[in-house]
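Beneath this line is the structure, given in structure tokens, with notes to follow.
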Amino acid sequence: MTKEIPVHWVCQACRQAPAAEDVRDDDPVEPYRLCHECADRLRYRALRPIEWFNLAALHGWAKFLLHDDFYDQDGRACQPDVDDDVIDEKHAPTLEMCARSLERLIDFCVTRWHLGKEEFEAFRPFPIGTVLAAIEHRADAGNRQVWETMVQLCANVVGSPAAPWVRAQFNRAWRDVSLFIWAEAAAKCLPAPEGLHKTIDALQVVHGRDLEKQMSALSWFRAAAVLDWIEAHLPPQDVAASWGQLASLSDLHWSRVQSWLASGRPLSLVALDALASCIPRQGQARILTILDPKLKGCGDRSVIGHALRIYEAEDSAPRVATKCSFIIQHLDKLRAE
Ligand SMILES: [Zn+2]
1 MTKEIPVHWV
11 CQACRQAPAA
21 EDVRDDDPVE
31 PYRLCHECAD
41 RLRYRALRPI
51 EWFNLAALHG
61 WAKFLLHDDF
71 YDQDGRACQP
81 DVDDDVIDEK
91 HAPTLEMCAR
101 SLERLIDFCV
111 TRWHLGKEEF
121 EAFRPFPIGT
131 VLAAIEHRAD
141 AGNRQVWETM
151 VQLCANVVGS
161 PAAPWVRAQF
171 NRAWRDVSLF
181 IWAEAAAKCL
191 PAPEGLHKTI
201 DALQVVHGRD
211 LEKQMSALSW
221 FRAAAVLDWI
231 EAHLPPQDVA
241 ASWGQLASLS
251 DLHWSRVQSW
261 LASGRPLSLV
271 ALDALASCIP
281 RQGQARILTI
291 LDPKLKGCGD
301 RSVIGHALRI
311 YEAEDSAPRV
321 ATKCSFIIQH
331 LDKLRAE
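Mapping the sequence shown onto this note's numbering, position 279 (from 1) lands on 279, and the numbers just tick up by one.
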């Protein structure tokens, strides 16, 4: 009779051999529990795809020994330190294969660099209550990256039934500097304007460059109230482009842009960056690709060009000239409605 090995004694990578050692090289707090063969392959950046997948599903892919310099998103080793004839065998499972089981589907999502529509739609056959329970369980047991993936799933798969859980996650989000991730779930799961108010309250104690990084959390709410917040919190000088990016995502109307241009710096700089953010281009921030900002209340783009030429004549800063010329050149691509 074969003696069954308890789950926590099985190698986390191959999930076949008994675990024989804890590898703490990149994370002493949450070691990998592995058989000797998988431990060697992990250290040589030469895991087989299914082994990488199994480890990334538990630990996330952002840890040093699993990260995207060493493996592609399908778990293929990019720069192994050993020759391994079977390295391309033992493929990682595809989304289609994982979609047959809720647990495996969640595994798959944790291994992705980015989640999208395809992954979210794969949850449809599962009852929302079951999905939420599985997400909560995985978030409780997981590290920061696993938790962040679960919050994203709540936002895009569960919605309002996740409200109590999302509300309860605020403290962890704040502690782990993951306000941006939490705010998407707050925008999609909590009744408005609860999430927006909570995020604005949290940002009250953040200043300077930290504020410019963390305020992107407000992008998810798509709310004109954020434009008022920008007016109240904008620094008088050294205005980063992130202010304009946030404005473009916050129900921005042409009338507000006009008033900002008329008021001069620093708000005029935000107006220019906001207009530029409405022009899709390579290399732009991912949030712009996801949320696809559009300027409201200005169907005739030639009006924008005319206003920019007038503004440009009054403000000779090189940044203004560069930005105005970019917007005018790409006016036909500027998203407006
Ligand atoms: Zn193993």
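Backbone N, C-alpha and C define an ideal beta-carbon position, used for all residues, glycine too.
Residue interval of the beta strand (DSSP E) (run including residue i)
{"i": "L34", "result": "Y32 to L34"}
{"i": "V257", "result": "Element bounds for V257: not the beta strand (DSSP E) but the alpha helix (DSSP H), W254 to S263."}
{"i": "E212", "result": "Run containing E212: none in the beta strand (DSSP E); it sits in the alpha helix (DSSP H), G208 to Q214."}
{"i": "D22", "result": "E21 to V23"}
Reduced DSSP secondary structure (H/G/I, E/B, other) of residue i
{"i": "M1", "result": "Residue placement at M1 is flagged as unreliable, the pLDDT there being 45, under the threshold of 50; the coordinate-derived value follows with that caveat. The answer is coil: DSSP assigns M1 none of H, G, I, E or B."}
{"i": "K296", "result": "strand"}
{"i": "H137", "result": "helix"}
{"i": "Y44", "result": "coil"}
{"i": "I328", "result": "helix"}
{"i": "D68", "result": "coil"}
{"i": "V320", "result": "helix"}
{"i": "V10", "result": "strand"}
{"i": "A336", "result": "strand"}
{"i": "A247", "result": "helix"}
{"i": "P49", "result": "helix"}
{"i": "P18", "result": "strand"}
{"i": "A217", "result": "helix"}
{"i": "A77", "result": "strand"}
{"i": "R124", "result": "coil"}
{"i": "N54", "result": "helix"}
{"i": "P236", "result": "coil"}
{"i": "A92", "result": "coil"}
{"i": "W165", "result": "helix"}
{"i": "G129", "result": "helix"}
{"i": "V29", "result": "coil"}
{"i": "A39", "result": "helix"}
{"i": "V158", "result": "helix"}
{"i": "A241", "result": "helix"}
Range of the contiguous alpha helix (DSSP H) that encloses residue i
{"i": "E231", "result": "A225 to H233"}
{"i": "E314", "result": "R301 to E314"}
{"i": "F180", "result": "L179 to C189"}
{"i": "R103", "result": "Correcting the residue identity first, residue 103 is Glu in this sequence and not Arg. Its alpha helix (DSSP H) spans residues L102 to T111."}
{"i": "D176", "result": "Premise fails: D176 is in no alpha helix (DSSP H) and is neither H nor E."}
{"i": "I290", "result": "R286 to L291"}
{"i": "W147", "result": "R144 to L153"}
{"i": "L115", "result": "Here L115 belongs to no alpha helix (DSSP H), and DSSP marks it neither H nor E."}
{"i": "V273", "result": "Note that residue 273 is Asp in the sequence shown, not Val. Residues L267 to S277."}
{"i": "G195", "result": "E194 to L203"}
{"i": "P280", "result": "No alpha helix (DSSP H) contains P280, which DSSP labels as neither H nor E."}
Query - Residues proximal to ligand 1 by C-beta, any heavy atom closer than 5 Å - result: C11, A13, C14, A17, C35 and C38
Query raised in the report: Is it a yes or a no for the region 73-80 touching the region 41-48, going by three-plus beta-carbon pairs under 8 Å?
Result: yes
Query raised in the report: If you pair each beta-carbon of the region 32-41 with each one of the region 112-127, do three or more pairs fall below 8 Å?
Result: no
Query raised in the report: Does the region 51-71 come within contact of the region 151-163, defined as at least 3 CB pairs closer than 8 Å?
Result: no
Requested in this report: Would you check if the region 170-185 and the region 213-233 touch, i.e. whether three or more CB-CB distances between them fall below 8 Å?
Outcome: yes
Query raised in the report: So does the region 242-253 actually touch the region 222-230, counting three or more Cβ pairs closer than 8 Å?
Result: yes
Query raised in the report: When the Cβ atoms of the region 265-282 are set against those of the region 203-215, are three or more pairs found closer than 8 Å?
Result: no
Query raised in the report: Pairing CB atoms from the region 259-266 with CB atoms from the region 232-246, are three or more of them under 8 Å?
Result: yes
Query raised in the report: Three or more beta-carbon pairs under 8 Å between the region 160-173 and the region 119-137, yes or no?
Result: yes
Requested in this report: Determine contact between the region 324-337 and the region 291-303, defined as no fewer than three beta-carbon pairs at a distance below 8 Å.
Outcome: yes
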